[in-house]
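Peer 1: Taken in order, the sequence shown gives residues 182 to 340; the numbers are from the working numbering.
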Amino acid sequence: MANEKKNSDKKSSIQIKNRKASFDYFFIDTFTAGIVLTGTEIKSIRQGKASLVDTFCYIHDGEIWVKGMNITPYFYGSFTNHEAKRDRKLLLKKREIRRLEEETKSVGVTIVPTLLFIDQNGRAKVNIALARGKKEYDKRQTLKEKEDRREMDRAIKRY
């Protein structure tokens, strides 16, 4: 019984974030998508060997794909090991894909992966966001708000 709890905690502990995305974009809407992986890719993700830096999603022939996601090849893999930066298919409902396709037709809107995680069933999932790019002054404002929050937290800790 205790062993089962330990395994379920371990599965949900893998969360690989795209921290730069929240700095560069305003998130309009978010979706959770499954991801099509090979055997060695899921093993690498479970070890935390993945990165969402400079990734984006695109829609081609009614399917949504993630480009630029780096999943390090599995150390114990053989000749069946995967390619590190291949395009990977995401699994969403057709109506969600159609909605995303319509929204991305407007200028300045893109689809960005924000979080890669393992769910309770042991499957890899990706949170993607429909996002609008920030201007330089928006980024400065975000940094200022973050700095103000940090100062307030420090002041509260002192007293």
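Just so you know, even glycine gets a beta-carbon here, dropped at the ideal spot from N, CA and C.
1. Since V293 and A312 are thought to touch, with beta carbons under 8 Å apart, how far apart are those beta carbons, to the nearest angstrom?
2. If distances are taken between C-alpha atoms only, which option among A265, F260, W246 comes closest to P254?
3. Quick one: is H241 buried, meaning 16 or more other Cβ sit within 10 Å of its Cβ, or exposed?
4. Out of Q228, T219, N302, state which residue places its alpha-carbon closest to the alpha-carbon of N262.
5. Distance, Cα to Cα, K248 vs K306?
6. Do you know how far the Cα of F298 is from the Cα of T323?
7. Express the C-alpha separation of Q228 and Y257 in angstroms, rounding to a whole number.
8. Reducing DSSP to helix, strand and coil, say where E264 ends up.
9. Determine, using beta carbons only, whether K320 and F204 come nearer to each other than 8 Å.
10. For a quick check, are the C-beta atoms of F212 and I309 less than 8 Å apart?
11. Where E326 and E283 are concerned, what is the direct C-alpha to C-alpha distance, given to the nearest angstrom?
12. Taking all protein chains shown into account, do 16 or more other C-beta atoms lie within 10 angstroms of the C-beta of E222, making it buried, or fewer, making it exposed?
Peer 2: According to the structure data:
1. Confirmed, Cβ separation roughly 5 Å.
2. Residue A265 holds the alpha-carbon nearest to the alpha-carbon of P254 among A265, F260, W246.
3. By the beta-carbon neighbour count (other beta carbons within 10 angstroms, threshold 16), H241 is exposed.
4. Looking at the Cα atoms, T219 is the closest of the given residues.
5. Near 15 Å, if we compare the C-alpha coordinates of K306 and K248.
6. Here the C-alpha atom of T323 lies approximately 26 Å from the C-alpha atom of F298.
7. Near 12 Å, if we compare the C-alpha coordinates of Q228 and Y257.
8. DSSP places E264 in coil when its eight states are reduced to three.
9. In contact: K320 and F204 (Cβ atoms closer than 8 Å).
10. Yes, these two residues count as a Cβ contact at 8 Å.
11. In a straight line, the C-alpha of E326 is about 32 Å away from that of E283.
12. With 16 or more other Cβ atoms from the protein chains shown falling within 10 Å of its own Cβ, E222 counts as buried.
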